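K.L.:
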Amino acid sequence: MKNRSSILVAAVGIFAAASLWLRPMPPSTTVAQAQATSPRTMHTTGTAVIRVQPDKVTVRLGVQTFGPTPRDSRAKNAQVIEQVLQAIKSEGVPAPDIATDHLSILPENDYKQFGESKIIGYWTDNAVVVTLRDVDKLSDVLTAALEAGATTVDDLTFTTTRLRELRDEARAMAVQAALEKAQALAGAVNLTAGEVQTINENSWSYYYGMWNSRGQGAANMQQNVMQVAPSTGAPQLDDGEFSLGQMVVQAQVDLTVAIR
(Lines of atoms letter the chains of each structure in order from A and count residues from 1; the text may use other names and numbers.)
(Lines give C-alpha, C1' and ligand atoms only; values in the text may rest on other atoms or scores of the structure.)
Protein backbone atom coordinates (compact mmCIF):
# COMPACT_ATOMS: atom_id res chain seq x y z
CA MET A 1 0.00 0.00 0.00
CA LYS A 2 2.82 2.33 0.82
CA ASN A 3 4.50 1.66 -2.50
CA ARG A 4 1.26 2.42 -4.35
CA SER A 5 0.93 5.76 -2.55
CA SER A 6 4.50 6.67 -3.46
CA ILE A 7 3.92 5.84 -7.11
CA LEU A 8 0.69 7.93 -7.17
CA VAL A 9 2.44 10.93 -5.61
CA ALA A 10 5.28 10.70 -8.11
CA ALA A 11 2.84 10.54 -11.06
CA VAL A 12 0.94 13.60 -9.83
CA GLY A 13 4.23 15.48 -9.50
CA ILE A 14 5.29 14.63 -13.04
CA PHE A 15 1.88 15.71 -14.47
CA ALA A 16 2.05 19.03 -12.62
CA ALA A 17 5.57 19.71 -13.90
CA ALA A 18 4.52 18.89 -17.46
CA SER A 19 1.53 21.24 -17.21
CA LEU A 20 3.76 24.09 -16.10
CA TRP A 21 6.24 23.39 -18.90
CA LEU A 22 3.53 23.30 -21.61
CA ARG A 23 1.72 26.46 -20.41
CA PRO A 24 2.45 29.37 -22.86
CA MET A 25 4.66 32.02 -21.35
CA PRO A 26 3.45 35.62 -21.42
CA PRO A 27 5.37 37.89 -23.85
CA SER A 28 8.32 39.66 -22.39
CA THR A 29 8.05 43.32 -21.54
CA THR A 30 10.48 44.26 -24.36
CA VAL A 31 8.48 42.41 -27.05
CA ALA A 32 5.19 43.83 -25.80
CA GLN A 33 6.58 47.36 -25.84
CA ALA A 34 7.97 46.90 -29.37
CA GLN A 35 4.59 45.67 -30.58
CA ALA A 36 2.85 48.61 -28.97
CA THR A 37 5.25 51.24 -30.38
CA SER A 38 5.82 49.84 -33.91
CA PRO A 39 3.80 52.00 -36.30
CA ARG A 40 1.48 50.49 -38.82
CA THR A 41 2.73 51.22 -42.34
CA MET A 42 1.61 51.10 -45.94
CA HIS A 43 3.59 50.89 -49.18
CA THR A 44 2.89 53.10 -52.20
CA THR A 45 4.57 53.70 -55.55
CA GLY A 46 4.65 56.88 -57.59
CA THR A 47 5.84 57.16 -61.20
CA ALA A 48 6.39 60.28 -63.28
CA VAL A 49 7.09 60.58 -67.00
CA ILE A 50 8.37 63.69 -68.78
CA ARG A 51 8.56 63.83 -72.57
CA VAL A 52 10.76 66.34 -74.35
CA GLN A 53 12.02 66.79 -77.89
CA PRO A 54 15.74 65.92 -78.25
CA ASP A 55 18.14 68.78 -78.90
CA LYS A 56 21.30 66.77 -79.58
CA VAL A 57 22.10 63.89 -81.95
CA THR A 58 25.15 61.71 -82.54
CA VAL A 59 25.56 60.27 -86.05
CA ARG A 60 27.84 57.38 -86.98
CA LEU A 61 28.71 57.15 -90.69
CA GLY A 62 30.52 54.22 -92.28
CA VAL A 63 33.10 54.41 -95.07
CA GLN A 64 34.03 51.18 -96.85
CA THR A 65 36.60 50.81 -99.66
CA PHE A 66 38.13 47.89 -101.55
CA GLY A 67 41.62 47.45 -103.04
CA PRO A 68 43.92 44.68 -104.29
CA THR A 69 46.35 45.21 -101.38
CA PRO A 70 45.95 46.44 -97.78
CA ARG A 71 47.97 49.57 -98.62
CA ASP A 72 45.83 50.39 -101.66
CA SER A 73 42.56 49.76 -99.82
CA ARG A 74 43.68 51.87 -96.85
CA ALA A 75 44.81 54.74 -99.12
CA LYS A 76 41.45 54.82 -100.89
CA ASN A 77 39.66 54.83 -97.55
CA ALA A 78 41.77 57.68 -96.20
CA GLN A 79 40.95 59.74 -99.29
CA VAL A 80 37.20 59.19 -98.90
CA ILE A 81 37.34 59.88 -95.16
CA GLU A 82 39.01 63.23 -95.84
CA GLN A 83 36.29 64.13 -98.34
CA VAL A 84 33.57 63.19 -95.85
CA LEU A 85 35.20 65.23 -93.06
CA GLN A 86 35.44 68.29 -95.29
CA ALA A 87 31.82 67.92 -96.37
CA ILE A 88 30.62 67.74 -92.75
CA LYS A 89 32.70 70.78 -91.76
CA SER A 90 31.24 72.72 -94.71
CA GLU A 91 27.81 72.31 -93.03
CA GLY A 92 29.02 74.32 -90.05
CA VAL A 93 29.89 71.45 -87.70
CA PRO A 94 32.87 72.37 -85.46
CA ALA A 95 35.97 70.18 -85.76
CA PRO A 96 35.88 69.05 -82.08
CA ASP A 97 32.46 67.50 -82.76
CA ILE A 98 33.82 65.25 -85.54
CA ALA A 99 35.93 62.15 -84.96
CA THR A 100 36.98 58.99 -86.81
CA ASP A 101 36.31 55.62 -85.23
CA HIS A 102 36.71 51.86 -85.78
CA LEU A 103 39.30 51.13 -88.46
CA SER A 104 39.50 47.55 -89.79
CA ILE A 105 41.09 45.86 -92.84
CA LEU A 106 39.79 42.43 -93.83
CA PRO A 107 40.68 40.16 -96.77
CA GLU A 108 38.19 39.14 -99.43
CA ASN A 109 38.55 35.45 -100.31
CA ASP A 110 37.58 33.72 -103.53
CA TYR A 111 36.73 30.16 -102.51
CA LYS A 112 37.49 27.40 -105.01
CA GLN A 113 36.40 23.80 -105.01
CA PHE A 114 37.68 21.31 -102.43
CA GLY A 115 38.08 24.06 -99.77
CA GLU A 116 40.78 26.03 -101.56
CA SER A 117 40.67 29.83 -101.33
CA LYS A 118 42.55 32.79 -102.69
CA ILE A 119 42.74 36.36 -101.42
CA ILE A 120 41.54 38.69 -104.17
CA GLY A 121 41.60 41.98 -102.28
CA TYR A 122 41.03 43.81 -99.01
CA TRP A 123 38.13 45.74 -97.49
CA THR A 124 38.87 48.75 -95.29
CA ASP A 125 36.11 49.87 -92.94
CA ASN A 126 36.23 53.19 -91.12
CA ALA A 127 33.65 55.35 -89.40
CA VAL A 128 33.05 59.02 -88.71
CA VAL A 129 31.17 60.02 -85.56
CA VAL A 130 29.50 63.45 -85.64
CA THR A 131 27.84 65.24 -82.72
CA LEU A 132 25.19 67.73 -83.78
CA ARG A 133 24.16 70.29 -81.19
CA ASP A 134 21.82 71.86 -83.70
CA VAL A 135 19.47 69.03 -84.65
CA ASP A 136 17.96 70.79 -87.66
CA LYS A 137 21.31 70.26 -89.44
CA LEU A 138 20.78 66.51 -89.47
CA SER A 139 19.35 66.22 -92.98
CA ASP A 140 21.99 68.43 -94.60
CA VAL A 141 24.87 66.70 -92.81
CA LEU A 142 23.71 63.24 -93.82
CA THR A 143 23.22 64.31 -97.43
CA ALA A 144 26.63 65.99 -97.62
CA ALA A 145 28.43 63.02 -96.05
CA LEU A 146 26.80 60.46 -98.33
CA GLU A 147 27.47 62.55 -101.43
CA ALA A 148 31.13 62.83 -100.34
CA GLY A 149 31.55 59.06 -100.22
CA ALA A 150 30.15 57.74 -96.92
CA THR A 151 28.60 54.34 -97.63
CA THR A 152 26.36 53.75 -94.59
CA VAL A 153 24.52 55.50 -91.77
CA ASP A 154 25.26 53.10 -88.93
CA ASP A 155 23.65 54.80 -85.96
CA LEU A 156 21.66 57.83 -84.84
CA THR A 157 21.47 58.57 -81.10
CA PHE A 158 19.13 61.31 -79.92
CA THR A 159 19.58 62.88 -76.48
CA THR A 160 18.72 66.00 -74.53
CA THR A 161 21.11 68.41 -72.86
CA ARG A 162 18.51 68.93 -70.10
CA LEU A 163 18.67 65.32 -68.84
CA ARG A 164 19.84 66.15 -65.28
CA GLU A 165 17.24 68.87 -64.89
CA LEU A 166 14.43 66.65 -66.17
CA ARG A 167 15.46 63.70 -63.98
CA ASP A 168 15.31 65.89 -60.86
CA GLU A 169 11.91 67.18 -61.90
CA ALA A 170 10.62 63.67 -62.58
CA ARG A 171 11.80 62.46 -59.14
CA ALA A 172 9.98 65.30 -57.38
CA MET A 173 6.80 64.56 -59.35
CA ALA A 174 7.04 60.85 -58.51
CA VAL A 175 7.40 61.55 -54.79
CA GLN A 176 4.37 63.83 -54.88
CA ALA A 177 2.37 61.16 -56.72
CA ALA A 178 3.30 58.50 -54.15
CA LEU A 179 2.36 60.76 -51.23
CA GLU A 180 -0.98 61.68 -52.76
CA LYS A 181 -1.73 58.00 -53.35
CA ALA A 182 -0.87 57.18 -49.72
CA GLN A 183 -3.19 59.93 -48.44
CA ALA A 184 -6.02 58.78 -50.70
CA LEU A 185 -5.70 55.12 -49.69
CA ALA A 186 -5.50 55.93 -45.99
CA GLY A 187 -8.51 58.25 -46.21
CA ALA A 188 -10.56 55.56 -47.94
CA VAL A 189 -10.38 53.40 -44.79
CA ASN A 190 -10.71 56.29 -42.31
CA LEU A 191 -7.00 56.40 -41.50
CA THR A 192 -4.40 59.15 -41.79
CA ALA A 193 -1.08 58.90 -43.62
CA GLY A 194 1.84 59.91 -41.41
CA GLU A 195 5.59 60.30 -41.82
CA VAL A 196 7.57 58.58 -44.55
CA GLN A 197 9.55 55.68 -43.07
CA THR A 198 11.61 54.59 -46.12
CA ILE A 199 12.07 55.76 -49.69
CA ASN A 200 13.58 54.04 -52.73
CA GLU A 201 14.06 55.63 -56.15
CA ASN A 202 14.82 54.50 -59.68
CA SER A 203 15.04 56.70 -62.77
CA TRP A 204 15.87 56.14 -66.42
CA SER A 205 15.51 57.70 -69.83
CA TYR A 206 15.15 56.50 -73.41
CA TYR A 207 14.46 57.78 -76.87
CA TYR A 208 11.03 57.21 -78.41
CA GLY A 209 10.83 57.79 -82.12
CA MET A 210 11.29 56.40 -85.61
CA TRP A 211 14.97 55.62 -84.96
CA ASN A 212 14.37 53.39 -81.94
CA SER A 213 11.77 50.62 -81.89
CA ARG A 214 12.25 50.16 -78.12
CA GLY A 215 10.01 53.14 -77.55
CA GLN A 216 6.99 51.29 -78.90
CA GLY A 217 6.81 48.99 -75.91
CA ALA A 218 7.98 51.53 -73.38
CA ALA A 219 5.24 53.96 -74.32
CA ASN A 220 2.64 51.56 -72.93
CA MET A 221 4.05 51.64 -69.39
CA GLN A 222 1.67 52.89 -66.73
CA GLN A 223 2.43 56.01 -64.79
CA ASN A 224 0.83 58.30 -62.25
CA VAL A 225 2.02 61.61 -63.69
CA MET A 226 2.95 62.59 -67.23
CA GLN A 227 4.24 65.91 -68.48
CA VAL A 228 5.30 67.20 -71.87
CA ALA A 229 8.21 69.55 -71.27
CA PRO A 230 8.63 72.61 -73.49
CA SER A 231 11.26 72.18 -76.19
CA THR A 232 13.53 75.04 -75.22
CA GLY A 233 15.70 75.86 -78.19
CA ALA A 234 14.81 72.63 -79.99
CA PRO A 235 14.17 72.96 -83.71
CA GLN A 236 10.96 72.15 -85.52
CA LEU A 237 11.46 70.14 -88.71
CA ASP A 238 8.66 70.91 -91.12
CA ASP A 239 9.94 69.24 -94.30
CA GLY A 240 8.71 65.78 -93.28
CA GLU A 241 12.13 64.15 -93.83
CA PHE A 242 12.79 63.42 -90.16
CA SER A 243 10.58 62.99 -87.15
CA LEU A 244 12.61 63.81 -84.07
CA GLY A 245 10.41 61.78 -81.76
CA GLN A 246 10.72 62.33 -78.02
CA MET A 247 13.07 61.70 -75.15
CA VAL A 248 11.25 60.02 -72.28
CA VAL A 249 12.58 60.68 -68.77
CA GLN A 250 10.96 58.49 -66.13
CA ALA A 251 11.30 58.20 -62.36
CA GLN A 252 9.73 55.74 -59.92
CA VAL A 253 9.63 56.19 -56.16
CA ASP A 254 8.61 53.56 -53.57
CA LEU A 255 7.52 54.89 -50.16
CA THR A 256 6.78 53.23 -46.85
CA VAL A 257 4.40 55.54 -44.96
CA ALA A 258 3.15 55.28 -41.37
CA ILE A 259 -0.63 55.19 -40.92
CA ARG A 260 -2.69 55.93 -37.82
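Quick note on my numbering: the sequence shown kicks off at 16 and runs consecutively.
Backbone N, C-alpha and C define an ideal beta-carbon position, used for all residues, glycine too.
Since this is a predicted model, take the numbers as computed values, not measurements.
1. Where LEU259 and THR158 are concerned, what is the direct C-alpha to C-alpha distance, given to the nearest angstrom?
2. Starting from PRO69 and walking both ways along the alpha helix (DSSP H), at which residues does that stretch end?
3. Rounded to whole angstroms, what is the Cα-Cα separation between ALA187 and VAL263?
4. Identify whether PRO109 lies in helix, strand or coil by the three-state DSSP scheme.
5. Let me check understanding here. Comparing Cα to Cα, which of GLN101, PRO122, LEU178 and ALA165 lies closest to ASP112?
6. In three-state terms, what does DSSP make of ASP125?
7. Taking the C-alpha atoms as reference points, what is the distance between VAL64 and LEU181?
8. Look at the alpha carbon of VAL144 and the alpha carbon of ALA273, and state the distance between them as a whole number of angstroms.
9. Excluding five sequence neighbours on each side, which residues of the same chain lie with their C-beta closer than 8 Å to the C-beta of ILE214?
10. Give the list of continuous beta strand (DSSP E) stretches no shorter than 3 residues that lie fully inside the region 146–180.
P.N.:
According to the data block:
1. Their backbone Cα atoms lie some 17 Å apart in a straight line.
2. Under the DSSP assignment, PRO69 falls outside any alpha helix (DSSP H); it carries neither an H nor an E label.
3. Computed Cα separation, rounded: 16 Å.
4. Coil, per DSSP.
5. It is GLN101.
6. Secondary structure of ASP125 (DSSP, three-state): strand.
7. The straight-line gap from Cα to Cα measures roughly 10 Å.
8. VAL144 and ALA273: Cα-Cα distance of roughly 53 Å.
9. Correct list, in chain order: VAL190, VAL268, ASP269, LEU270 and THR271.
10. For the region 146–180, whole beta strand (DSSP E) runs of length 3 or above, ordered along the chain, are 167–174.
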